[in-house]
Every structure is written in C-alpha cells, then in structure tokens.
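Protein chains in written order, with the numbering used here: chain A, 2 to 269; chain X, 2 to 269. We put the beta carbon where it would ideally sit given N, CA and C, even for glycine. Note that the structure is predicted; figures quoted are calculated from it, not measured. Reviewing the structure listed below.
2 protein chains.
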Amino acid sequence: MSKKYVHGYDLRENIRLQDQASTLVELLHSDTSYPAGSQVLEAGCGVGAQTITLARNSPNACITSIDISESSVAEAKKRVEAAGFTNVSFQPGDIFNLTFEPESFDHIFVCFVLEHLARPLEALNSLKNLLKVGGTITVIEGDHGSTYFYPDNDAAHQAIQCQIELQKRAGGNANIGRELYPILNAVDFSSIYVSPRMVYVDASKPHLVEGFTKNTFTAMIEGVRESSIEAGLIDENTFDEGIKGLYRTIEMDGVFCYTFFKAIALKQ
Amino acid sequence: MSKKYVHGYDLRENIRLQDQASTLVELLHSDTSYPAGSQVLEAGCGVGAQTITLARNSPNACITSIDISESSVAEAKKRVEAAGFTNVSFQPGDIFNLTFEPESFDHIFVCFVLEHLARPLEALNSLKNLLKVGGTITVIEGDHGSTYFYPDNDAAHQAIQCQIELQKRAGGNANIGRELYPILNAVDFSSIYVSPRMVYVDASKPHLVEGFTKNTFTAMIEGVRESSIEAGLIDENTFDEGIKGLYRTIEMDGVFCYTFFKAIALKQ
Chain A
2 MSKKYVHGYD
12 LRENIRLQDQ
22 ASTLVELLHS
32 DTSYPAGSQV
42 LEAGCGVGAQ
52 TITLARNSPN
62 ACITSIDISE
72 SSVAEAKKRV
82 EAAGFTNVSF
92 QPGDIFNLTF
102 EPESFDHIFV
112 CFVLEHLARP
122 LEALNSLKNL
132 LKVGGTITVI
142 EGDHGSTYFY
152 PDNDAAHQAI
162 QCQIELQKRA
172 GGNANIGREL
182 YPILNAVDFS
192 SIYVSPRMVY
202 VDASKPHLVE
212 GFTKNTFTAM
222 IEGVRESSIE
232 AGLIDENTFD
242 EGIKGLYRTI
252 EMDGVFCYTF
262 FKAIALKQ
Chain X
2 MSKKYVHGYD
12 LRENIRLQDQ
22 ASTLVELLHS
32 DTSYPAGSQV
42 LEAGCGVGAQ
52 TITLARNSPN
62 ACITSIDISE
72 SSVAEAKKRV
82 EAAGFTNVSF
92 QPGDIFNLTF
102 EPESFDHIFV
112 CFVLEHLARP
122 LEALNSLKNL
132 LKVGGTITVI
142 EGDHGSTYFY
152 PDNDAAHQAI
162 QCQIELQKRA
172 GGNANIGREL
182 YPILNAVDFS
192 SIYVSPRMVY
202 VDASKPHLVE
212 GFTKNTFTAM
222 IEGVRESSIE
232 AGLIDENTFD
242 EGIKGLYRTI
252 EMDGVFCYTF
262 FKAIALKQ
C-alpha cells in the first residue's frame with residue numbers, strides 16, 4: 002500500500018484527521034455507544050482520532066484498539082491516556098491476521114479503514130470470526146465520488162478524480178462508502194442498516210466551511226498534487242485550477258456536499 | 002420552455018410525479034405544516050402532486066395554489082377535491098406576473114418549480130413581494146448532479162447528463178438544489194436554512210428501489226432518450242447502455258443515491 006497519499010501516516014495528515022474528527026464527531030459517532038462490560042474491538046485505530054470518541058461514548062465498555070502501524074498505535078495510546086480514558090487497551094495487529102480467539106468480541110468498530118484495503122471482504126470475514134453470534138459490526142467510510150459543490154468546476158472534479166485514482170492504484174477504493182450494503186451482505190452479515198451522513202456546507206455554517214471544506218477535504222486533495230502530476234494523471238495548471246475551484250466553494254455564495262456512510266450489521 | 006422533457010406536462014410524467022410524491026412525501030414534506038388561518042401560496046402546483054400533502058398537513062390553513070398551465074390547475078383541483086380537501090383554492094397564474102396584492106400571504110411554498118425557470122431570482126423576487134414581512138418561503142428542488150450509484154457506470158452518467166443538458170437548453174437548471182442557499186441569499190431572504198434530503202436506496206428498501214430508483218429516476222431519464230439522440234447529445238448505444246446501468250443498480254447488490262434540497266427562509 003503506497004503511504005504517500007494515505008491519511009493517518011504523516012504529520013499534515015494527522016492534523017487533518019484531528020480536524021475532521023472534531024468537526025464531524027457528532028455527525029458520525031453520536032449514535033455509537035456500547036453497553037457496560039461489552040468487549041469492543043476497534044480495528045484500524047490509526048492515531049486514535051476516533052478512539053477518544055469511542056472511549057467517551059462507551060465509558061464502561063472494554064475497548065481494544067489495534068492498528069497495523071506500531072507508531073500509530075503508540076501515538077493513539079498516548080493521546081487516549083492524555084485525555085484521561087482508561088477503558089482502552091492498545092496493541093499492534095494486522096486485520097488479516099489477528100491473534101484473538103474466535104468470538105472474542107461483542108462488537109467491532111471499523112472507521113476509515115476498508116477504503117485502504119485491496120481485499121475488504123476478506124478483512125470483514127476475518128473480523129467476523131472474532132465477533133460473537135449476536136454481536137454487531139459498525140463500519141464508517143467516506144465516498145469521494147459523492148462530492149459536489151457550487152459553483153461547479155470541472156477542474157476540481159478532475160483533481161478529486163486524481164485522489165480516487167491514486168487510492169485505486171494503491172489497492173484502495175475512495176468510493177467505498179456507497180458499497181457498504183453490498184459488501185456486508187456479501188460477507189453474510191444480517192440486518193444491515195446503512196445510513197448516509199451527508200455533510201452539507203454553506204456560508205451559514207462557518208465551522209464546517211473552515212473545518213471540513215477547507216481544512217479537511219480541500220487539504221486532502223491538495224496533498225496529492227505532486228503524486229498526481231508525477232503519475233501523469235493531470236497537468237499542473239488543471240490541478241491548480243481545480244484547487245482554486247474548491248477554494249471558490251468556501252466563499253459566501255459557495256456550497257459543498259460530501260457524504261459519509263455508516264453501516265451497522267449483525268452476526269447471526 | 003420546451004415541454005418535451007419537462008415533468009408534469011404529459012401523462013407518463015404525471016404518473017411519474019404521483020409515484021414520486023407518494024414515495025417521497027414523508028422525506029420532503031413531513032416537516033411542512035402551516036398554522037390555522039394562515040394564508041399560504043403554493044406557486045407552481047402542477048397537477049397537484051404536492052398540493053394534497055400541503056392540504057393534509059395544514060388542514061386549517063387557507064391555501065391558494067396557482068400554476069401557469071390551466072389544464073394542470075384543472076387537474077390539480079379535481080384531484081384535491083376528490084381527496085376531500087376544502088382548504089385549497091386554485092387559479093391559473095404566472096409566477097412572474099401574479100395579480101395578488103403585495104404582502105397577501107403569510108407563507109409561500111415552491112416545489113420543483115425553480116428548476117424549470119430561466120430567471121429563478123426574478124421569480125423569487127416576484128414571490129417575495131407577495132409575502133408579508135415575517136413570513137416564510139419554503140423551496141424544494143432536486144439536483145440531478147447529486148446522483149451516484151453502485152455499480153458505477155459511465156454511460157449512465159452520460160445519459161443523466163443528457164437530461165441536465167436538455168433542461169439547461171430549455172432555460173432550466175437540473176442541478177439547482179445545491180444552489181438554494183446562494184439563490185435565496187441573493188434575493189435578500191434572511192435566516193435561510195437548507196436541509197438536504199438524501200434518498201439512499203439499497204435492497205433493504207424495496208419500495209424505494211421500485212418507487213424511486215426505477216419508476217421515478219430511471220423512468221425520467223428514459224423519457225429523454227429520443228430528445229437526447231435527436232439533439233446529438235449522445236448515441237443510441239451509449240444511452241441504452243446507460244439505462245441498463247441504471248437498471249443494474251436495482252439488483253440485490255445495487256445502491257442508488259439522490260439528494261433533494263429543502264430551504265426555508267424569512268422575509269424581514
């Protein structure tokens with residue numbers, strides 16, 4: 002997996018993730034809360050952006066957070082401890098090769114992870130083995146193809162398409178959000194319920210204009226400028242025009258739309 | 002305005018509208034209800050698809066429904082009377098040239114109308130004159146550019162783009178939903194609040210698979226086949242491939258997403 006463009010792996014992207022987490026935490030996470038005493042696996046915790054919210058919303062659950070990157074796990078542990086939470090334990094681990102006993106967990110939580118995996122079905126199957134019968138899996142993913150805005154701008158769509166294409170070449174899928182229902186269905190989960198979480202931003206929501214349109218989404222696309230040009234996906238001028246087009250949407254008469262998808266499903 | 006492709010003007014499209022109204026009535030209209038005794042103008046009632054819901058949700062408001070087409074008004078009147086509602090009066094009228102006294106109405110309701118107008122700002126200004134100070138305007142519009150689906154299909158996007166282009170050539174704007182905030186702002190309405198109403202359809206929602214993806218959206222795009230080919234916007238094969246792609250999204254593993262936008266704003 003190329004780490005050049007993937008979020009969660011360098012400082013700038015870490016900052017972006019924090020920003021995203023604080024702006025969107027209510028929209029994405031407010032309805033996730035696990036019962037006291039339940040065993041919860043967070044698969045792919047990264048630097049802990051979502052872990053703090055999980056820990057806060059489920060103060061009496063026992064959360065185990067894993068990530069393939071040891072340095073991310075260390076960073077996540079530091080931050081969760083600094084925030085004063087004691088209900089999370091951390092360990093490095095590969096989703097495809099976890100050493101927990103089968104059916105160890107009551108619930109599993111997977112956020113912004115599948116988009117990076119070449120074999121998301123296999124990952125979900127592997128996680129399903131760790132889930133008790135009657136337990137739930139919660140999956141949250143974005144979908145870059147859900148992006149539209151006013152004023153519309155063709156170069157901006159081309160720049161976004163570069164991110165999607167780079168992620169694809171690295172084995173991922175930046176448009177995976179819309180696929181959560183069929184994916185969970187293919188792995189034989191039951192009672193699958195998908196709820197889109199649309200981020201609608203106009204000038205009446207200045208915190209989202211700053212926090213989402215500018216500092217999360219546009220920053221993410223800006224971050225693939227060099228990789229996109231190097232890969233021959235776009236020329237400099239078009240890319241820069243595209244970024245200008247995205248910045249244009251944060252003006253007083255601009256509008257920006259993006260949709261995350263949250264799925265919850267049952268192991269029967 | 003070309004009436005070839007525009008909904009509300011022929012039988013097939015009438016049926017489509019009814020279907021759309023019944024499937025989506027909760028999503029779009031459940032939060033619209035006007036107080037007893039208030040004077041409400043429905044500008045552009047078409048054949049009354051939304052009028053029945055308005056009348057039902059605001060049983061003690063006095064609703065005046067107008068449309069530029071006399072035959073549509075007659076049809077709307079027949080249907081609303083057949084449904085047993087007595088709180089609506091009908092008359093033909095042109096939004097740009099209405100004969101009501103200024104500030105005659107407490108509230109104005111405009112649904113699926115601006116998308117067809119070459120001068121939406123002027124229409125809103127004209128309606129604003131009829132609104133009392135402190136009164137509200139509610140505007141509901143679709144946005145065909147908000148459409149995405151799984152499996153993705155390039156020909157399907159091209160077929161949808163034909164509808165958007167034909168509507169544009171007829172002076173309209175099929176992507177106007179995302180613009181409601183800036184448009185209402187440009188006409189100096191206050192306290193503008195826009196809420197997207199996303200229609201998310203997967204196999205767990207068979208009534209939406211039938212009622213929305215197939216019988217509303219795909220039927221609408223199918224309806225522009227001849228006009229699109231005649232206008233040289235697309236070749237037959239690509240269009241038909243696109244329609245096949247849209248039908249593909251109604252299978253068990255398909256997903257379809259579309260967003261309507263609802264705005265409410267105040268005259269100060």
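field: Cβ neighbours of A:V256 in the same chain (closer than 8 Å, five flanking residues each side left out)
entry: F150, Y151, Y201, V202, D203, T250
query: What's the C-alpha gap between X:L131 and X:Q269?
result: 13 Å
field: Distance, X:A44 Cα to X:S70 Cα
entry: 12 Å
- request: Compare the C-alpha of A:K1 against each of A:C46, A:A175, A:L25 and name the closest.
  value: Past the edges of chain A, shown from 2 to 269, lies residue 1 of chain A, and the structure says nothing about it.
message: Mapping the DSSP letters down to three states, classify X:Q269 as helix, strand or coil.
response: coil
task: Grab the span of the alpha helix (DSSP H) containing X:R249 for me, first residue to last.
output: Note, X:R249: alpha helix (DSSP H), 237–249.
- request: With a threshold of 16 other CB atoms inside 10 Å of the CB of A:H208, please say whether the residue is buried or exposed.
  value: exposed
query: Whose Cβ in chain A lies nearer than 8 Å to the Cβ of X:R179?
result: Close to X:R179, with beta-carbon spacing below 8 Å, are these residues of chain A in chain order: Y149, F150, Y151, V256, C258.
query: Taking C-alpha atoms, which residue in X:G246, X:I265, X:S66, X:N186 lies nearest to X:A220?
result: X:G246
query: In chain order, what residues of the segment 160–185 of chain A put their CB closer than 8 Å to some CB of chain X?
result: N176, R179, E180, Y182, P183
query: Under 9 Å Cβ-Cβ, which residues of chain D neighbour A:V195?
result: Note that chain D does not occur in the displayed structure, where the protein chains are A and X.
Rounded separation between A:E76 and A:Y259 - CA only: In this structure, the CA atom of A:E76 is about 29 Å from the CA atom of A:Y259.
- prompt: Which residues, taken in chain order from the segment 217–246 of chain X, show a beta carbon closer than 9 Å to some beta carbon of chain A?
  reply: Correct list: empty, as no residue qualifies.
message: Give me, in chain order, the residues of the same chain whose beta-carbon lies closer than 7 Å to that of A:T214; leave out the 5 immediate sequence neighbours on both sides.
response: V202, T250, I251, F257
field: Any C-beta of chain X under 9 Å from that of A:G143
entry: no
- prompt: Going by beta carbon distance, what residues of the same chain come within less than 6 Å of X:D11, once the five residues before and after it are set aside?
  reply: Below a pLDDT of 50, predicted positions are generally treated as unreliable, and X:D11, at 45, falls in that range; no measurement from the model is reported.
task: Whole angstroms is fine: what's the gap from X:A62's alpha carbon to X:G143's?
output: 26 Å
message: At the 9 Å Cβ level, is A:G212 part of the contact set with chain X, yes or no?
response: Chain X, which has no Cβ nearer than 9 Å to the Cβ of A:G212, makes this no.
- prompt: Is DSSP giving A:V188 helix, strand or coil here?
  reply: coil
task: Note down, in chain order, each residue of its chain lying with its Cβ closer than 7 Å to the Cβ of X:V225, except the 5 sequence neighbours on either side.
output: Y6, C163, Q164, L167
message: Looking only at its chain, what residues have a beta carbon closer than 7 Å to the beta carbon of A:P183, apart from the 5 residues adjacent to it on each side?
response: none
Beta-carbon neighbours of X:G47, restricted to chain A and to distances below 8 Å: Ordered by position in chain A, no residue passes the 8 Å Cβ test against X:G47, which lies about 26 Å from the chain.
- request: Assign A:Q159 to one of three DSSP states: helix, strand, or coil.
  value: Residue state, collapsed to three classes: helix.
query: Is there contact here, the segment 119–131 of chain A with the segment 96–109 of chain A, by at least three beta-carbon pairs under 8 Å?
result: Put simply, the segment 119–131 of chain A touches the segment 96–109 of chain A. At least three CB pairs are less than 8 Å apart.
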